[in-house]
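This report concerns only the one structure given below.
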Amino acid sequence: MEISLIRHGKSSLNDNKRKNCEEFKEWINKYNLNGVVEEENFPETTFQKVALANVLVTSDLKRSIDSARFLRSNGDVMTDPLFREVELPVPSIKLRMIKLSPSVWSVLLRLLWFSGYSNNCESYTHAKFRAKQAANQLIDYAKNYHSVVLVGHGFLNMLIANELLNMGWEGKKMKSSKHWSVSSFTLINESEGKRLMY
1 MEISLIRHGK
11 SSLNDNKRKN
21 CEEFKEWINK
31 YNLNGVVEEE
41 NFPETTFQKV
51 ALANVLVTSD
61 LKRSIDSARF
71 LRSNGDVMTD
81 PLFREVELPV
91 PSIKLRMIKL
101 SPSVWSVLLR
111 LLWFSGYSNN
121 CESYTHAKFR
131 AKQAANQLID
141 YAKNYHSVVL
151 VGHGFLNMLI
161 ANELLNMGWE
171 GKKMKSSKHW
181 SVSSFTLINE
191 SEGKRLMY
């Protein structure tokens with residue numbers, strides 16, 4: 001059995017202007033509504049994993065769905081909000097005077113999120129719980145279809161990868177957060193794999 005995790009392609013949203021906190025919230029909404037840029041060439045390993053997969057899964061966000069369609073234009077795609085990216089917290093105070101680029105806001109707010117700040121979003125603890133659910137769902141697909149690919153998102157893919165390793169699947173911790181990067185996990189002896197209950 002094999003489970004492969006792919007990060008979606010680069011967003012088609014091309015707005016890197018500095019923004020205050022309120023403007024960044026609007027930017028996130030636009031980011032979630034945008035698709036991805038179609039590449040002339042995809043990484044060969046990523047393309048092969050999708051071509052050989054018996055099941056292709058995405059989150060319900062447009063960038064995940066569009067990425068899967070670019071990688072495999074024909075065939076069914078299973079879409080599930082369980083695989084959505086972990087949201088960023090939103091500061092409760094108005095920071096109108098502070099303007100940062102979207103990438104800096106993202107790093108800063110993600111660091112706060114890892115530290116326990118989860119205003120108006122899913123907490124780190126709950127995200128790990130959801131990743132465990134997602135890993136178990138992918139394992140069920142792998143048991144039924146042998147090979148499954150999730151075209152998902154950077155942080156949730158990382159959390160799912162950690163859960164798969166904890167359950168006895170073999171693979172490397174996700175080292176790359178590049179768009180279209182792939183990490184695969186296998187379970188050769190099914191009796192060694194354990195299912196984490198939730």
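Be aware that the sequence shown starts at 1, since it is given in the numbering used here, and climbs by one per residue.
From the three backbone atoms N, C-alpha and C, an ideal C-beta is built for every residue, glycine too.
Every value quoted in this text rests on a predicted model; they were computed, and no experiment measured them.
Opening and closing residue of the alpha helix (DSSP H) in which residue i lies
{"i": "Ser64", "result": "62 to 71"}
{"i": "Gly154", "result": "154 to 166"}
{"i": "Ile98", "result": "It is not in any alpha helix (DSSP H) - Ile98 carries neither H nor E in the DSSP assignment."}
{"i": "Val104", "result": "102 to 114"}
{"i": "Leu33", "result": "21 to 33"}
{"i": "Asp140", "result": "124 to 145"}
Span of the beta strand (DSSP E) around residue i
{"i": "Phe185", "result": "182 to 186"}
{"i": "Arg7", "result": "2 to 7"}
{"i": "Leu56", "result": "55 to 58"}
Best match in the options for proximity to residue i [C-alpha to C-alpha]
{"i": "Leu5", "options": "Phe24, Val57, Lys17", "result": "Val57"}
{"i": "Ile65", "options": "Arg7, Pro102, Tyr124", "result": "Arg7"}
{"i": "Ser123", "options": "Asn54, Glu87, Lys94, Val104", "result": "Glu87"}
{"i": "Val107", "options": "Gly35, Pro89, Asn120", "result": "Pro89"}
{"i": "Leu138", "options": "Ala161, Asn120, Ala127", "result": "Ala161"}
{"i": "Arg39", "options": "Ile93, Glu22, Phe70, Cys121", "result": "The sequence given here has Glu at residue 39, not Arg. Among Ile93, Glu22, Phe70, Cys121, the Cα nearest to that of Glu39 belongs to Phe70."}
{"i": "Leu52", "options": "Arg72, Ser183, Asp15, Gly35", "result": "Arg72"}
{"i": "Arg63", "options": "Lys178, Gly35, Asn144", "result": "Gly35"}
Secondary structure of residue i, DSSP reduced to three states
{"i": "Leu150", "result": "strand"}
{"i": "Glu44", "result": "helix"}
{"i": "Val50", "result": "helix"}
{"i": "Arg195", "result": "Summary for Arg195: the model assigns pLDDT 46, below 50, so the residue's position carries little reliability, and this model does not support an answer."}
Test item: CB-CB of residue i and residue j under 7 Å
{"i": "Pro102", "j": "Trp27", "result": "yes"}
{"i": "Gly9", "j": "Ser67", "result": "yes"}
{"i": "Tyr31", "j": "Ser59", "result": "no"}
{"i": "Val151", "j": "Ile3", "result": "no"}
Original post:
How about the region 129 to 147 and the region 107 to 115: do they share at least three Cβ pairs that are nearer than 8 Å?
Top reply: no
Original post:
Is it true that the region 86 to 98 meets the region 36 to 48, where meeting means three or more beta-carbon pairs spaced less than 8 Å apart?
Top reply: no
Subject >> Given 8 Å, three or more beta-carbon pairs between the region 160 to 170 and the region 63 to 80 >> reply: no
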